[in-house]
Amino acid sequence: MNQHLRHCAAAAGLLLMTATASAATYTAILTGPKESPANTSPGIGAAVVAFDAATHVLQVDVAFSGLLGPSTASHIHCCTDMADAGTAGIATETPTFGGFPMGVMNGAYSNTYNTSLASSWNPAFLSSHGGTTAGAEKAFGAGLASGEAYLNIHTSKYPAGEIRGFLVAAPVPEPAMLGMLGLGVPAVLLMARRRRKQA
């Protein structure tokens, strides 16, 4: 199994172990054509985000490969004016997710945030939603549920963002499906990468 598939499997596995029953789960496939402005990067990524406003838990898992430039930042933006389109300011901590792998073109990331803490949010996002973490959580949850939030990865080659994907609601898998999901994310990424190479 190549390094790309190991990173993807690790990210999917970590989320599956940490997702809570009450968390809403969202997924995204990150590509250059989905960025704004769109680009032709061969990079690809997968993100799984679980958010539970009641327990103040935000779980972020990302795997990526094939970037054209070294990574410089990653975060979730919210909330665009319409689902699956447009741009928005950064919602999560700035200047990047804490501990996100920097200066690499392939990698994996997993972190859990306590969204009752102001440090989990971009100060501008907090300010624009009443200045409270409760206001930020409410707006963020609504943006996720409406398909108006996206995760992207910025690089030195594409400072505005090399790959991104809008987060969409994912059905909660039954326990028997968890192992298949862990295998499925890497397979989907591999197939998408092969299709883009053939195009």
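Count the sequence shown with mature numbering (1 follows the signal peptide of the UniProt record, and there is no 0) and you get residues -23 to -1, 1 to 176, in order.
All C-beta atoms in this analysis are idealised placements derived from N, C-alpha and C, irrespective of residue type, glycine included.
Since the structure is predicted, the reported quantities are computational estimates derived from the model, not experimental observations.
For residue j and residue i, the rounded distance between their alpha carbons
{"i": "Met82", "j": "Ser42", "result": "6 angstroms"}
{"i": "Val34", "j": "His106", "result": "19 angstroms"}
{"i": "Ala60", "j": "Tyr127", "result": "10 angstroms"}
{"i": "Asn88", "j": "Gly9", "result": "24 angstroms"}
{"i": "Ala116", "j": "Cys55", "result": "8 angstroms"}
{"i": "Thr110", "j": "Thr57", "result": "20 angstroms"}
{"i": "Pro14", "j": "Gly20", "result": "15 angstroms"}
{"i": "Tyr86", "j": "Arg141", "result": "15 angstroms"}
{"i": "Gly84", "j": "Ala101", "result": "28 angstroms"}
{"i": "residue 234", "j": "Val26", "result": "An answer regarding residue 234 cannot be provided, because it is not within the stretch -23 to 176 covered by the chain."}
{"i": "Met154", "j": "Pro78", "result": "Because the pLDDT at Met154 is just 41, under 50, the model does not fix this residue reliably, and the value given afterwards should be weighed accordingly. Roughly 29 angstroms separates the two Cα atoms."}
Beta-carbon gap between residue i and residue j smaller than 8 angstroms
{"i": "Glu12", "j": "Glu139", "result": "yes"}
{"i": "Thr71", "j": "Asn99", "result": "yes"}
{"i": "Ala146", "j": "Tyr3", "result": "yes"}
{"i": "Val39", "j": "Gly22", "result": "yes"}
{"i": "Lys134", "j": "Leu7", "result": "no"}
{"i": "Phe143", "j": "Ala5", "result": "yes"}
{"i": "Thr69", "j": "Ile53", "result": "yes"}
{"i": "Gly76", "j": "Pro47", "result": "no"}
Residue from the options whose Cα sits closest to the Cα of residue i
{"i": "Ala122", "options": "Leu45, Ala111 and Phe28", "result": "Phe28"}
{"i": "Phe74", "options": "Ala60, Pro136, Lys115 and Asn129", "result": "Asn129"}
{"i": "Leu103", "options": "Tyr135, Gly84, Ile67 and Tyr86", "result": "Ile67"}
{"i": "Ala95", "options": "Gly108, Ala85 and Tyr86", "result": "Gly108"}
{"i": "Ala119", "options": "Thr17, Ala30 and Thr49", "result": "Ala30"}
{"i": "Ala137", "options": "Ser51, Pro78, Ala85 and Tyr86", "result": "Ser51"}
Cβ-based burial, residue i [other Cβ within 10 Å; buried from 16]
{"i": "Thr92", "result": "buried"}
{"i": "Ser97", "result": "buried"}
{"i": "Pro152", "result": "The predicted model places Pro152 with a pLDDT of 45, which falls under 50 and marks its position as unreliable, so this point remains unresolved."}
{"i": "Ala62", "result": "exposed"}
{"i": "Thr49", "result": "buried"}
{"i": "Thr17", "result": "exposed"}
{"i": "Thr132", "result": "buried"}
{"i": "Ala24", "result": "buried"}
{"i": "Met157", "result": "For Met157, the predicted model reports a pLDDT of 41, less than 50, meaning its position is unreliable and no value from the coordinates is stated."}
Those residues which DSSP pairs with residue i across a bridge
{"i": "Val81", "result": "Bridge partners of Val81: none, in fact."}
{"i": "Asn88", "result": "Val37"}
{"i": "Asn16", "result": "According to DSSP, Asn16 bridges with nothing at all."}
{"i": "Tyr3", "result": "Val26 and Ala146"}
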